[in-house]
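For the sequence shown, UniProt numbering assigns the number 1 to the initial residue and increments by one for each residue that follows.
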Amino acid sequence: MADNKMGPNLQAGAGFLARRVQKSLNRAQEKVLQKLGKTMETKDEHFELCSQNLNKQQTDGVRLFKDVKAYYAAVKAVHETSKKLSQTLRDVYESDWDGLEDLAVITDSEDLLWNDFEEKINDQLVRTMENYTSQFPEVKERVAKRGRKLVDYDSARHHLEALQSAKKKDDAKITKVVILEKIGRCSFEILKKKPHANKSCFPILPKKN
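Quick look at the structure:
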């Protein structure tokens with residue numbers, strides 16, 4: 001019984017893998033033809049500009065986040081050094097010297113100020129930049145997916161044009177490719193509209209009220 005169940009599952013898995021491989025081959029072939037100038041590539045200048053801006057935002061964001069983390073690490077290091085200095089002052093300060101109580105108040109107050117400053121840097125800078133830069137992988141994947149769908153659409157469109165212009169027409173193949181071309185066009189149009197309708201697709205630096 002187990003073998004009977006495995007048979008259809010293996011066939012389905014093999015069929016899915018074959019379709020993915022064929023789709024990858026079609027995309028690679030279409031890209032080569034476009035680079036050689038053999039086929040026309042569908043262009044969306046506005047989206048390409050947004051994509052370029054996204055890449056710049058990511059580069060700038062990663063650079064800024066790196067410097068923010070370095071600054072935060074430096075603040076923590078100075079805070080730790082300040083605590084050591086305060087402790088040393090307390091250790092060497094003689095009990096009969098004037099200002100012993102004042103020294104304790106000053107060092108405690110300084111430590112509280114450093115703690116407050118360190119927490120604000122972490123909350124308002126480090127975490128903000130961490131949340132900002134964490135958006136990019138998902139957004140870049142959306143852009144890449146749209147690019148793949150665009151190549152699929154171009155591939156189906158050019159395949160349909162080739163079949164329609166052939167001397168010996170194969171109606172069954174043409175019908176199948178027409179369906180694929182329509183699916184590709186619809187998928188591309190949906191993904192094309194999403195970035196323009198959804199501002200979160202291209203994240204911007206968060207603004208404080």
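Glycine included, C-beta positions come from ideal geometry on N, C-alpha and C.
* Ordered along the chain, which non-local residues of its own chain (more than five positions away) have a Cβ less than 8 Å from that of residue 204? -> Because the pLDDT of residue 204 is 47, which lies under 50, any placement of that residue in the model is unreliable, and the question is left without a value.
* Extent of the continuous alpha helix (DSSP H) to which residue 71 belongs -> 45–92
* Asked: Going by Cα to Cα distance, which pick from 78, 125, 97 is closest to residue 67?
  -> 125
* In angstroms with no decimal places, state the Cα-to-Cα distance between residue 145 and residue 71. => 36 Å
* How about the segment 89–105 and the segment 115–129: do they share at least three Cβ pairs that are nearer than 8 Å? -> no
* Separation of residue 157 from residue 31, as counted between CA atoms -> 14 Å
* **Local conformation of residue 134 per DSSP, three classes** => coil
* Please classify residue 43: is it buried, with 16 or more other beta-carbons within 10 angstroms of its beta-carbon, or exposed? => exposed
* Asked: If you draw a straight line from the C-alpha of residue 133 to the C-alpha of residue 69, how long is it?
  -> Their backbone Cα atoms lie some 13 Å apart in a straight line.
* Proximity of residue 27 and residue 152 at Cβ, strictly below 8 Å -> yes
* Asked: On the three-state DSSP scale, how would you describe residue 120?
  -> helix
* Exposed or buried, what is residue 197 when buried is set at 16 or more other beta-carbons lying within 10 Å of its beta-carbon? -> With a pLDDT of 40 at residue 197, under the threshold of 50, the modelled position of that residue is not reliable, and no figure is offered here.
* **Proximity of residue 102 and residue 86 at Cβ, strictly below 8 Å** => no
* Reference residue 130, options 74, 65, 54, 138, closest by Cα -> 65
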